[in-house]
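Scroll down for the structure; my scribbles are underneath it.
Numbering (full-length UniProt numbering), first residue to last: 1 to 694.
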């Protein structure tokens, strides 16, 4: 079709669906851990990066299976089945009704989720090194132009799948579903990627009769490993001084392996040595899906339309699609015109430096977020807030003799901090009435005193707030106080708060969608009153007073216990921009450099080494997340920035000693020597034949 093998269209569609499946699932994974499984941030980060590390370790296994045993087609087929099963198991594991809608027993959900993620890691990692190579196998030797176009389409399908899934699955996640209780719809968010993976598998199978299937020809990684292992073992055997030294330690393998393989292995090891510092870059880069997503949950996503925290990751693929052609066609030619020697290793060094700056930017944003957090009572302290839900102003005097506070009708004070042991009572004065409210406050707790003036007395209620931090992961909380003189029943949306006696307060409940509005219903004797709530905003906590009802219209007053997120998500764009610039300079250039410095038959070894650096980088993150005693997130960002900067300097020093080579030229020299050797052998055979005839 149009000069292309028809089979490659099935491969491109398969890759689009698979990448949609992977990136869509991965986009919502961190919030699934923290919001559905209720894991603490550090533990969720550690499990997320364990999963990513496994996804980049299994490609080595997939390459060995494909090249040494099953071949690429069967490897892709079998592991895609494993992959699809894993996505399905994860989707089923996210159904809250597995435990009857109770959030108390999450063991079945956790077990199924972990099984699903392990199967996904085996599937996506195992097919990663096979699909693009299998696509390349479909072309004849004289179809180089078409092959190059295929790889461009292949890369486009990856980015298209990533873009669409990162946009769509967080939207699905933010929708509500459930039988017993309505909550974020993770079964749908994971279910759609599972369906796409099933589609990818079906598409791949449909094209099976059209594929050119190359038989397994042995895995070069195993040959290289054996060669290196034999050289080390042979060198150890001949470590005494009586044996002469050899020019390179790999030359000890010459007793068993030919010189061409040894020379090729030397070229590969020179590049792999430069890979040693690289994991630190990936430790920084892959935190987009964990720490940066958690950072976004504490920010305001109102762009005129609501952006979900996990949708901010879409900035990276959008910028990649824009920046790769801009850098290649504009920036690099401009640098070349300025006669600057911007070598691949220098590009990678600059990329690492920009990655460090990205985390400095993230730290600066985190400092601004931390400034918006409420101050909670420290050891020995307690906090109290006053709410006057009545129609008459009041003055409150704290005992023993402290300053008095004036509270206007339908108004509140901020939280005031006192030494818990010294604050014994407070005295309320409204009009001609007075009341003394005894206090017995616990340390490190917040309280709200709600009161109102009636014609004959002052009613009051001291409420334990039971909230010691800003709501996590962008959640918002709401509770109601009954300002009617009789019992009412309160609902908001699908949440039933139950019956409320006069001046009593409900517990805080989570607002399912803080950017949405809800119908508030108060059932009072012989009638029901309703009103529509405001949008609460992410990360807030409100107390709502039910005041009075006029012609079925409920009048309410909002009291802000914790302010919503105010730092805008747009402030994350600079750090995404810096990290994307770093990716273009580091990742794209790194792969090109690796391929240019490796023999043609050793490129898979370098690909395995490259993927291994990604895995090790994620292992670094899970170690830091698991062992870190840093209680300030901005300080952890600075730590990673500093570590990457140190590694950047080390890499720059290592790169300065590297000498660029032309593998094709070296291989040509070996080919020439082999021809000469063969020619000499033929000449010797002819001479021997002549001598025998004589």
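Think of the CB as a built atom: it goes at the ideal place given N, C-alpha and C, for glycine as much as any other residue.
For residue 400, the three-state secondary structure derived from DSSP is coil. Under the Cβ criterion (8 Å, minimum of three pairs), the stretch 125-137 counts as touching the stretch 47-67. Here DSSP, grouped into helix, strand and coil, assigns residue 388 to strand. Judged by DSSP in its simplified three-state form, residue 515 adopts coil rather than helix or strand. For residue 562, the beta-bridge partners assigned by DSSP are 541. At least 8 Å separates the beta-carbon of residue 347 from that of residue 580. Secondary-structure assignment with DSSP links residue 316 through no beta bridge to anything. Contact annotation: residue 500 and residue 482 have beta-carbon atoms nearer than 8 Å.
The three-state secondary structure of residue 482, taken from DSSP, is strand. Fewer than three pairs of CB atoms, one per stretch, sit closer than 8 Å, so the stretch 527-537 makes no contact with the stretch 315-325.
Judged by beta-carbon spacing, residue 451 lies beyond the 8 Å limit of residue 467, meaning their Cβ atoms are not closer than that value.
It is roughly 57 Å from the alpha-carbon of residue 494 to the alpha-carbon of residue 649. Within the same chain, 428 and 458 come within 6 Å of residue 435 by CB-CB distance, once the 5 residues on both sides are set aside. In this structure, the straight-line span from the alpha carbon of residue 133 to that of residue 99 is close to 44 Å.
Taken atom to atom, the span from the alpha-carbon of residue 268 to that of residue 115 is near 36 Å. Under the 10 Å beta carbon count, residue 38 is surrounded by fewer than 16 other beta carbons and is classified as exposed. Its chain contains 621 as the residues whose beta carbon lies nearer than 7 Å to that of residue 287, once the 5 sequence neighbours on both sides are disregarded; these appear in chain order. C-alpha of residue 349 to C-alpha of residue 80: approximately 37 Å in a straight line. Counting only runs that start and end inside the stretch 7-71, the alpha helix (DSSP H) elements of at least 4 residues fall at 7-27 and 41-65. Taking 4 residues as the minimum length, the alpha helix (DSSP H) runs contained wholly in the stretch 126-193 are 144-174, in order along the chain. Here DSSP, grouped into helix, strand and coil, assigns residue 506 to coil.
Residue 206 is classed as exposed because its beta carbon has fewer than 16 other beta carbons within 10 Å across all chains shown. Under the DSSP definition of a beta bridge, residue 99 lacks any partner. Here residue 49 is buried: its Cβ has 16 or more other Cβ atoms, across all protein chains shown, within 10 Å. In this structure, the alpha-carbon of residue 560 lies about 56 Å from that of residue 10. Rounded to whole angstroms, the separation of the alpha carbons of residue 212 and residue 6 is 11 Å.
A distance below 6 Å between beta-carbons, with the five flanking residues on each side excluded, links residue 615 to the following residues of its chain, in chain order: 53, 56 and 57. Put simply, of 245, 253 and 243 the residue whose alpha carbon is nearest the alpha carbon of residue 233 is 253. Residue 484 and residue 298 have their C-alpha atoms some 35 Å from each other. Relative to the Cα of residue 392, the nearest Cα in the group 522, 433 and 199 belongs to 433. As DSSP reads the structure, residue 449 sits in a beta bridge with 386 and 462. For the pair of segments examined, the stretch 187-198 was found to touch the stretch 81-88: the number of CB pairs separated by less than 8 Å reaches three. Of the residues assessed, residue 492 falls on the buried side of the cut-off, its CB having 16 or more other CB atoms within 10 angstroms.
For secondary structure counted as the beta strand (DSSP E) over 3 or more consecutive residues, the stretch 254-284 holds no complete run.
The Cβ atoms of residue 363 and residue 576 lie no closer than 8 Å to each other.
For residue 428, the enclosing beta strand (DSSP E) covers residues 425-430.
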